[in-house]
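Okay, so the sequence shown: first residue is 19 according to the numbering used here, each after it adds one.
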Amino acid sequence: MKKASSVEESALRPFVSTFSKRGLVEICINTPTELWLEFDTGEWKYEKNADITESAMKELVTTFSTISGQKFNRHNPSFSGRIPFKNTMLRVEAVMGSSVEGGFALSIRVGRASIYPLESYMSKSEADALKQYIISGKTLMVNGATGTGKTTLANSMITHIPHRERILTIEDTRELIVPHLNVLHRLVSKNGTDEGKVDYVDIINQATRLRPDRILLGEIDIGNTMPFLKLCNTGHEGGLSTIHAADADQAFDTLCLNAGLAGVEGSKSDIEQYAKKAIHGFVSIKKTREGNKRVFRATLDMLNTKER
């Protein structure tokens, strides 16, 4: 990672001491100078920091949105992206203006990206089965609630894709870790604030001409649901994505809702059947606590694999 410029260092300075806290996972700021910090024990702590003013938050977000080719101003009052800190990238979500009480809200995911063996999430037999489904090119979705570690689990799954294959990732914020040498990362502005105005439909339409063996989508949302399902239903199996849903049934409900909100015509039943043709299975992850420790458990739910 390149050395930060003086402008970047200035924007980061008020946050450095907070970013460096041991075990910190997330920073949520609802009101300037007032921080809610989530640690890897699952505990939330309240803290005051006089340096993290509204001006400091605006400088941080404006600096790095500009660097990434996005806009953050009163006409574009939201930002989804990343900021660099100590050889890693932190995920940022910022909102300002009349839509948020207090005028400015900021959430920063600080937890460092890690790769864990699949056996740490599930039994060895289930992990072995999942590895085989990945290797054989099944299209899979990782589902779970917010903060359950969906992307971390997805990153562990990616390591089992044969390394001879060419990978294309499509994300609004770069979070997928792909160890393969032949990989291309594409970025989409989640809020449509990038200067090129490239959206998911554009990139997914281009995807097949870039000759990937696998297409990995960061997270399912309204804008990418149908383009991704279309890809999977037209010969591009072996994909992987994450979705906010507690289980497979809720995941299909979310896919149908997203399609409807995107203007897709058709009954819920038709859209669900289309999705079921595209997706071979789900890996559901849940977060629990054992004493002061967070524990992540995943289960595998494959759909009609004998027929497919």
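The beta carbon of each residue, even a glycine, is placed where N, CA and C say it ideally should be.
Worksheet item: Are L205 and R184 closer than 8 Å when you measure CB to CB?
Response: no
| task | Leaving out five residues on either side along the sequence, give the residues of the same chain with a beta carbon under 8 Å from the beta carbon of M140. | result | Around M140: L148, R315, A316, T317, L318.
Pick from L53, G60, K156: whose alpha carbon is nearest that of N310? G60
Margin query: As a quick exercise: from L258, N48, S83, pick the residue whose alpha carbon is nearest that of E119.
Written below: With distances taken between Cα atoms, E119 lies closest to N48.
DSSP bridge partner residues for F300 (one or two, in chain order):
M159, D319
**Prompt:** Quick check: the segment 24-34 against the segment 272-281, are there 3 or more CB pairs under 8 Å?
**Reply:** no
To which residues of the same chain is R326 closer than 7 Å at the C-beta, ignoring the five residues directly before and after it?
-> Caution is warranted here: a pLDDT of 49 is assigned to R326, below 50, making its placement in the model unreliable, and the coordinate value is therefore given only provisionally. Excluding residues up to 5 positions away in sequence, H298 lie with their Cβ nearer than 7 Å to the Cβ of R326 in the same chain.
| task | Please determine, among S117, H198, M159, the residue with the shortest C-alpha to C-alpha distance to P180. | result | Comparing Cα-Cα distances from P180 to each of S117, H198, M159, the minimum goes to H198.
**Where K149 falls: helix, strand or coil (DSSP)** = helix
Would L194 and I176 be called neighbours here (beta carbons separated by less than 8 Å)?
Yes, the Cβ-Cβ distance between L194 and I176 is below 8 Å.
query = Under 8 Å between the Cβ atoms of P135 and V113?
reply = no
query = Between F90 and K168, what straight-line distance do the alpha-carbon atoms span, to the nearest angstrom?
reply = 28 Å
Tell me where the beta strand (DSSP E) around A112 begins and ends.
106-114 is the extent of the beta strand (DSSP E) around A112.
task = Hey, could you find the ends of the beta strand (DSSP E) L235 is sitting in?
result = 232-235
**Asked** In this structure, does DSSP put K39 in helix, strand or coil?
**Response** coil
Spatially closest choice to S285 from K295, C274, K294, by CA coordinates:
Considering only alpha carbons, the answer is C274.
Excluding five sequence neighbours on each side, which residues of the same chain lie with their C-beta closer than 6 Å to the C-beta of N200? Counting only Cβ-Cβ distances below 6 Å, and skipping sequence neighbours, we find R184.
Minimum C-alpha distance to I152 - residue among V301, Q224, F246: Residue V301 is the option with its Cα nearest to I152.
ask   = Under 8 Å between the Cβ atoms of M75 and F122?
value = yes
Identified DSSP bridge partners for L123: Correcting the residue type first, residue 123 is Ala in the shown sequence and not Leu. BP columns for A123 point to V113.
Length of the line joining the Cα atoms of N242 and V79 | 25 Å
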